[in-house]
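Residue numbers (this note's numbering): 2 to 200.
Cβ atoms here follow ideal geometry from the backbone N, Cα and C, with glycine treated the same way.
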């Protein structure tokens, strides 16, 4: 199971291939290169996109993709959290068993990805998450204070208020971004034995 949590429209004005088509192409190539040695069964690719205009374009791009029958696509016009819940109802196995699960999380901004959801995904020993953490955006939420509902948003991003004694309004922006990243890495480390972070 491959999940694109913020799938977008499938294409962009400055690039014709968005992450959904890149994922489908990679799955197709893997199956073709393996040939009769392929034993993994069906590859499920799920795409979650809340913006209805983007979603319509995404559906069109996915629908026109010439894929083998063993690549099964699922699309949800919902938020990341709600889309995952819908997917779990439709195909529960990868979320509760030894089935491989890979979730790509690349949000349009700093919010929309509660840490509690990430932690739930990482409960399975066969799961992997690739997340583009918007440390800059999270730092800006902190700096904006109440005008950005910073307590509510940061408590959701970190699943708690551990950030309060760590973040300081007097911190230079770069230092604050590093603190955001370090706290997130620490919380991930409590969930999995091996965490690799690229900066």
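Reduced DSSP category for residue i - H, G, I as helix; E, B as strand; rest coil
{"i": "residue 112", "result": "coil"}
{"i": "residue 128", "result": "strand"}
{"i": "residue 188", "result": "helix"}
{"i": "residue 206", "result": "Residue coverage of the chain in this structure runs from 2 to 200, which leaves residue 206 outside it and unanswerable."}
{"i": "residue 139", "result": "helix"}
{"i": "residue 40", "result": "coil"}
{"i": "residue 30", "result": "helix"}
{"i": "residue 76", "result": "strand"}
{"i": "residue 177", "result": "helix"}
{"i": "residue 182", "result": "helix"}
{"i": "residue 122", "result": "helix"}
Proximity test, Cβ basis, 8 Å: residue i and chain B
{"i": "residue 127", "result": "Among the chains in the structure shown there is no chain B, since it carries only a single protein chain."}
Test item: CB-CB of residue i and residue j under 8 Å
{"i": "residue 30", "j": "residue 2", "result": "no"}
{"i": "residue 75", "j": "residue 91", "result": "yes"}
{"i": "residue 77", "j": "residue 88", "result": "yes"}
{"i": "residue 55", "j": "residue 9", "result": "yes"}
{"i": "residue 117", "j": "residue 102", "result": "no"}
{"i": "residue 188", "j": "residue 159", "result": "yes"}
{"i": "residue 140", "j": "residue 177", "result": "yes"}
Delimiting residues of the alpha helix (DSSP H) encompassing residue i
{"i": "residue 1", "result": "No statement about residue 1 is possible, as the shown extent of the chain runs from 2 to 200 and does not include it."}
{"i": "residue 56", "result": "53–64"}
{"i": "residue 96", "result": "94–97"}
Residue i: first and last residue of the uninterrupted beta strand (DSSP E) it sits in
{"i": "residue 159", "result": "First-last for residue 159: 151–159, but that is the alpha helix (DSSP H), not the beta strand (DSSP E)."}
{"i": "residue 3", "result": "3–5"}
Whole-angstrom C-beta distance between residue j and residue i, which should lie under 8 Å
{"i": "residue 71", "j": "residue 32", "result": "6 Å"}
Is there contact between the stretch 129–141 and the stretch 179–193, where contact requires at least three CB pairs shorter than 8 Å? A contact between stretches requires three or more CB pairs, one per stretch, nearer than 8 Å, and the stretch 129–141 meets this requirement with the stretch 179–193.
Is the stretch 12–28 touching the stretch 111–130 in the sense that three or more CB pairs, one from each, lie closer than 8 Å? Taking a cut-off of 8 Å on C-beta distances, the stretch 111–130 does not touch the stretch 12–28, as fewer than three cross pairs fall below it.
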